[in-house]
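Peer 1: In UniProt numbering, the protein residues as written are 1 to 457.
Every residue gets a Cβ at the ideal spot worked out from N, C-alpha and C, and that includes glycine.
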């Protein structure tokens with residue numbers, strides 16, 4: 001829907017300095033009465049259990065980040081990940097992995113916000129300069145549109161840490177709530193550790209579901225709920241973390257309860273409790289000793305660093321959505337709606353063109369795999385040294401300031417031979433001219449509306 005969807009507010013200047021580009025983006029608008037009436041009008045079109053992917057949400061509810069960038073919230077405590085890697089025993093490392101996993105959820109918008117839905121072929125990269133003098137790198141791409149799938153890769157070569165994942169949010173209307181069922185899986189690997197079976201030590205991670213409460217009656221409130229799991233099958237360990245939702249008459253917001261167990265016997269080793277927005281405690285079941293596990297109120301997240309906008313390609317997240325996020329910053333929702341519609345309309349036109357020409361879509365940076373991940377980074381990172389691995393990572397896409405795009409980056413993926421390891425992902429048509437095309441008919445659907453998704457990791 002083009003202009004006029006929301007009334008324009010004030011038009012304050014928008015910061016455009018590199019420092020402003022890399023700051024942690026705070027949300028601005030709380031929901032007002034006008035906005036809730038708009039949502040009410042939208043919800044009137046739906047039935048219980050309906051899929052929200054066909055509904056266009058007003059821009060005041062948008063966070064000023066793409067989902068591809070929003071995933072990095074889960075990676076903003078790299079010190080805890082280093083501590084986990086350095087644990088002496090498998091149990092020590094597992095407990096610290098659970099702590100790291102729980103540390104990212106408190107990095108959420110103050111208001112009920114959803115990240116911008118990435119368009120097909122959108123990509124985002126960033127890096128961290130860590131306190132131990134090493135660097136970590138992140139690459140993400142929207143690998144599917146209907147249903148939305150965001151694939152991502154993170155690696156700290158010098159500490160032998162790697163994370164791969166695909167996030168698949170599915171939204172539902174639940175009466176007075178909207179839910180995002182967070183499907184998909186992530187894998188954390190300590191590449192220099194071996195499990196009891198002699199394989200690379202690997203942790204499987206799932207996510208809690210997200211809920212926006214009070215969309216019809218009451219105050220809008222964001223909650224996480226249901227169970228998520230951390231598993232290390234090779235070391236016979238599993239953590240079952242329940243994110244508790246507040247009951248109608250009892251309970252409190254943001255509570256968790258979890259157990260760290262031996263997977264084969266069910267023997268509980270540790271219990272975790274508290275609030276993911278506040279203080280969480282851990283209890284050693286054998287000794288009965290309790291201690292602070294993670295204090296979100298005293299945490300100091302480390303946001304990633306991103307190349308300046310002038311160095312970014314047209315379909316890198318921050319540059320792609322810049323006019324939308326600038327308008328959201330100045331609270332000009334008319335402009336935000338117009339700019340968002342322009343991006344989505346271009347995608348619809350590209351989808352129709354691809355269908356007419358019979359062109360398949362291949363992600364630029366990831367490839368399809370026959371595993372729960374569905375997509376993984378197309379290039380094998382197998383350098384003999386961390387320095388060689390860093391070169392391999394940076395050859396995939398620009399990540400560091402001053403790093404240019406390589407020549408093959410703009411070659412259409414579908415025109416590159418699939419026998420080449422750098423195909424189909426290293427090459428995509430000039431992004432200023434077109435988006436890649438999608439193999440799945442669903443991804444060429446003319447609808448390009450928002451799902452009510454809100455993922456921290």
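1. Is the Cβ-Cβ distance between residue 116 and residue 145 less than 7 Å?
2. Quick check on residue 370: does DSSP put it in helix, strand or coil?
3. Using the rule of at least 16 other Cβ atoms within 10 Å of the residue's Cβ for burial, across every protein chain shown, is residue 338 buried or exposed?
4. What separation, rounded to the nearest whole angstrom, lies between the Cα atoms of residue 260 and residue 278?
5. Using a Cβ-Cβ cutoff of less than 8 Å, which residues in the same chain neighbour residue 200 once the five nearest sequence positions on both sides are dropped?
6. Find the nearest neighbour of residue 138 within the set 349, 326, 307, judged by alpha-carbon distance.
7. Terminal residues of the continuous beta strand (DSSP E) containing residue 280?
8. Just curious, the beta strand (DSSP E) that residue 461 is in, first and last residue?
9. Within a Cβ cutoff of 7 Å, which residues of the same chain sit near residue 217, ignoring the five residues on either side of it in sequence?
10. Residue 110 to residue 357, Cα distance in whole Å?
11. Which parts of the stretch 264-341 are runs of the alpha helix (DSSP H), unbroken and 4 residues or longer, counting only runs that do not cross its ends?
12. For residue 167, count neighbouring C-beta atoms within 10 Å of its own C-beta (all shown protein chains included) and say buried if the count is 16 or more, exposed if not.
13. Under 8 Å Cβ to Cβ from residue 263, same chain only, skipping five residues before and after it: list those, please.
14. Between residue 419 and the rest of its own chain, which residues show a CB-CB distance below 6 Å, the 5 nearest in sequence each way excluded?
15. Pull up the distance between the alpha-carbon of residue 226 and that of residue 284, whole angstroms please.
16. Measure from the alpha carbon of residue 397 to the alpha carbon of each residue in 80, 114, 141, 61, then state which is nearest.
17. State buried or exposed for residue 136, treating a residue as buried only when at least 16 other CB atoms are found within 10 Å of its CB.
18. Can you find at least 3 beta carbon pairs, one from the stretch 291-311 and one from the stretch 375-390, that sit closer than 8 Å?
19. Between the C-alpha atoms of residue 74 and residue 250, what's the straight-line distance to the nearest angstrom?
20. Contact check, residue 69 vs residue 80 under 8 Å by CB: the rounded distance?
21. Quick check on residue 216: does DSSP put it in helix, strand or coil?
22. Would you mind reading off the limits of the alpha helix (DSSP H) that contains residue 390?
23. Taking the alpha-carbon of residue 318 as reference, which of 59, 61, 352, 66 has the nearest alpha-carbon?
24. Please report the distance separating the alpha-carbon of residue 276 from that of residue 198.
25. Please report the straight-line C-alpha distance between residue 428 and residue 298, rounded to a whole angstrom.
26. Let me make sure I understand the geometry here. Which of 76, 150, 345, 406 has the alpha-carbon closest to that of residue 374?
27. When the Cα atoms are used, what is the spatial distance from residue 465 to residue 77?
Peer 2: In terms of the structure at hand:
1. no
2. When DSSP states are grouped into helix, strand and coil, residue 370 belongs to the coil group.
3. buried
4. Cα to Cα, residue 260 sits roughly 20 Å from residue 278.
5. 189, 190, 191, 193, 194
6. 307
7. 279-284
8. Since the first residue shown for the chain is 1 and the last is 457, residue 461 is missing from the structure and cannot be characterised.
9. These residues qualify, in order along the chain: 176.
10. 45 Å
11. Correct list: 317-320, 322-329.
12. Label assigned to residue 167: buried.
13. 231, 233, 236, 237, 238
14. Note on residue 419: pLDDT 41, under 50, position unreliable in the model; no value is reported.
15. 24 Å
16. 141
17. buried
18. no
19. 30 Å
20. About 20 Å separates the two Cβ atoms, so there is no contact after all.
21. Judged by DSSP in its simplified three-state form, residue 216 adopts coil rather than helix or strand.
22. Unbroken alpha helix (DSSP H) run through residue 390: 386-394.
23. The residue from 59, 61, 352, 66 with its alpha-carbon nearest to that of residue 318 is 66.
24. Computed Cα separation, rounded: 34 Å.
25. In this predicted model, residue 428 has a pLDDT of only 34, less than 50, meaning its place in the structure is not dependable; the value taken from the coordinates is given anyway. Going by the C-alpha atoms only, they are around 44 Å apart.
26. 150
27. This structure leaves residue 465 out entirely; the chain is present only between 1 and 457.
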